[in-house]
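Participant: Just so we're aligned: 317 in the working numbering is position 203 of the sequence shown, and the numbers increase by one with no gaps anywhere.
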Amino acid sequence: MLFKQQALLRQKLFVLGSLAIGSLLYLVARVGSLDRLQPLCPIDGRFGPRSQDEIPLRALQFKRGLLHEFRKGNATKEQIRLHNLVQQLPKAIIIGVRKGGTRALLEMLNLHPAVVKASQEIHFFDNDENYAKGIEWYRKKMPFSYPQQITIEKSPAYFITEEVPERIYKMNSSIKLLIIVREPTTRAISDYTQVLEGKERKNKTYYKFEKLAIDPNTCEVNTKYKAVRTSIYTKHLERWLKYFPIEQFHIVDGDRLITEPLPELQLVEKFLNLPPRISQYNLYFNATRGFYCLRFNIVFNKCLAGSKGRIHPEVDTSVITKLRKFFHPFNQKFYQITGRTFNWP
Ligand code: A3P
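(1) Any heavy atom of ligand 2 within a distance shorter than 8 Å of the CB on Gly312?
(2) Return the first residue and the last residue of the alpha helix (DSSP H) that Leu351 is part of.
(3) Ligand 1 and Arg217: does the residue's C-beta get closer than 8 Å to at least one heavy atom of that ligand?
(4) Spatial neighbours of Phe444 within its chain, please: CB distance less than 6 Å, with the 5 preceding and 5 following residues excluded, ordered by chain position.
(5) Opposite Leu397 in the DSSP bridges: which residues?
(6) So, under 8 Å CB-CB, Met256 and Leu326 are touching, yes? Tell me the CB distance rounded to an integer number of Å.
(7) Apart from the five residues just before and just after Pro261, which ones in its own chain have a Cβ nearer than 7 Å to its Cβ?
(8) Decide if the stretch 386–397 is in contact with the stretch 419–434; the criterion is three or more beta carbon pairs, one per stretch, under 8 Å apart.
(9) Please indicate yes or no: does the CB of Arg403 lie closer than 8 Å to some heavy atom of ligand 1?
(10) Should Gly368 be counted as a contact of ligand 1 given a C-beta to heavy atom distance under 8 Å?
(11) If you draw a straight line from the alpha carbon of Arg164 to that of Val382, how long is it in whole angstroms?
(12) Below 8 Å on the Cβ atoms is my contact criterion, and I expect Val433 with Ile328 to pass it. Report the Cβ-Cβ distance as a whole number of Å.
(13) My parser needs the alpha helix (DSSP H) runs of 4 or more residues fully inside the stretch 257–299; what are they?
(14) Decide if the stretch 302–317 is in contact with the stretch 259–278; the criterion is three or more beta carbon pairs, one per stretch, under 8 Å apart.
(15) At what residue ranges does the stretch 214–259 contain a whole run of the beta strand (DSSP E), taking only runs of 3 or more?
(16) Since Leu408 contacts Met222 with CB under 8 Å, what's their CB separation in whole angstroms?
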């Protein structure tokens, strides 16, 4: 009897042991194959209903590791072919506005596993010499990506350059266009600050902002000053609307991108028909920088360069008031056209 019970117990232990070892082997095999297969998996396969926090980590580790190597030119032709990597024309372009936060927007969108950024401003459509090199030249400037990913480039000069809308239309009439704007007077001062810094670097003197923004003869706003003209957003947008319907544009609030980036990025994800993948995990406030910085994964994070977020010079309040009054009607028109209202004074 005792012998029979012991045999039964041994049998049960054997079955349980086999089950445990089997499960363990299955898990090891599965994790191993996932890690091995991940670089080859189609991007869509990674859009399953998984937890928001998990996806960016895994996908971005994968993206940074692999695509970064390709970007650095460390890949052989064979590897490119094996991974089915391509250089694709952009499906979306950040066309402006200069000093609106175009770099921050591009870098933050690049947190999305389905987005690949062109790191440099290509200036293909606004520069006649580049444009004459043809569309293949432009495509070859694009980073390697998986066919399911979308490439985004940013060149803020596009927004204000006369020829650009028609040229982009000729490349792709259904392209998505992103415009990031800030309160126009602040943007103009930011624009001035960048130029001033360039002059100072060359030991050159420069006019004060007040002198450039206000015509000394008329005491009116100087519309010939480029920093002022660029901030008349509606004037530029109207030129674009001759080629593209308003539905193809998405307006990003650049002031909100500074203070509260995630909701702005989520609106862009929606506009680009991307599944929501950028999460609060990917953005953290850096008190020293005074800005949000980017977290790609446990080990890799970065803040934007010091040239972003300069300290603006103090500007005479009467000049600020004059500028704000000047921009007001243009802003109203801009809200009306775009359907997006801002609390600009
Ligand atoms: P300031 O230098 O005036 O502060 P662009 O990239 O189009 O040149 O825009 C630069 C602006 O991006 C900066 O203007 C800064 O305010 C803004 N910006 C938005 N988010 C930022 C971030 N996370 N880090 C640094 N700058 C950011």
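A virtual CB, placed ideally from N, CA and C, is assigned to each residue, including glycine.
Facilitator: Taking the geometry as given:
(1) Questions concerning ligand 2 fall outside what the structure shown contains, since the ligands it does hold are ligand 1.
(2) Position 237 of the sequence shown, counted from the start, is the residue given in the question as residue 351. 347–354 is the span of the alpha helix (DSSP H), which, as asked, contains Leu351.
(3) Position 103 of the sequence shown, counted from the first residue, corresponds to residue 217. Yes, ligand 1 has a heavy atom inside 8 Å of this Cβ.
(4) Mapped onto the sequence shown, residue 444 falls at position 330. Ile346, Thr348.
(5) Numbered from 1 along the sequence shown, position 283 holds the residue referred to as residue 397. Leu397 pairs with Leu408.
(6) What you label residue 256 is simply residue 142 of the sequence shown in a count that begins at 1. What you label residue 326 is simply residue 212 of the sequence shown in a count that begins at 1. Contact flag wrong, Cβ pair sits at about 37 Å.
(7) Along the sequence shown, read from residue 1 onward, the residue named residue 261 stands at position 147. Counting only Cβ-Cβ distances below 7 Å, and skipping sequence neighbours, we find Asn198, Val200.
(8) no
(9) Here the question's residue 403 lines up with position 289 in the sequence shown. Yes, Cβ of Arg403 sits closer than 8 Å to a heavy atom of ligand 1.
(10) On the sequence shown, position 254 is the one that residue 368 refers to. Yes.
(11) Taking the first residue of the sequence shown as position 1, residue 164 is located at position 50. Taking the first residue of the sequence shown as position 1, residue 382 is located at position 268. Confidence at Arg164 is low in this model, with a pLDDT of 38, below 50, so its placement is unreliable and no value can be given for it.
(12) The residue labelled residue 433 in the question sits at position 319 within the sequence shown. The residue labelled residue 328 in the question sits at position 214 within the sequence shown. Rounded, the Cβ-Cβ distance is 6 Å, consistent with contact.
(13) 271–274, 278–285
(14) no
(15) 229–231
(16) Here residue 408 refers to the residue found at position 294 of the sequence shown. Here residue 222 refers to the residue found at position 108 of the sequence shown. Contact flag correct, Cβ pair sits at about 7 Å.
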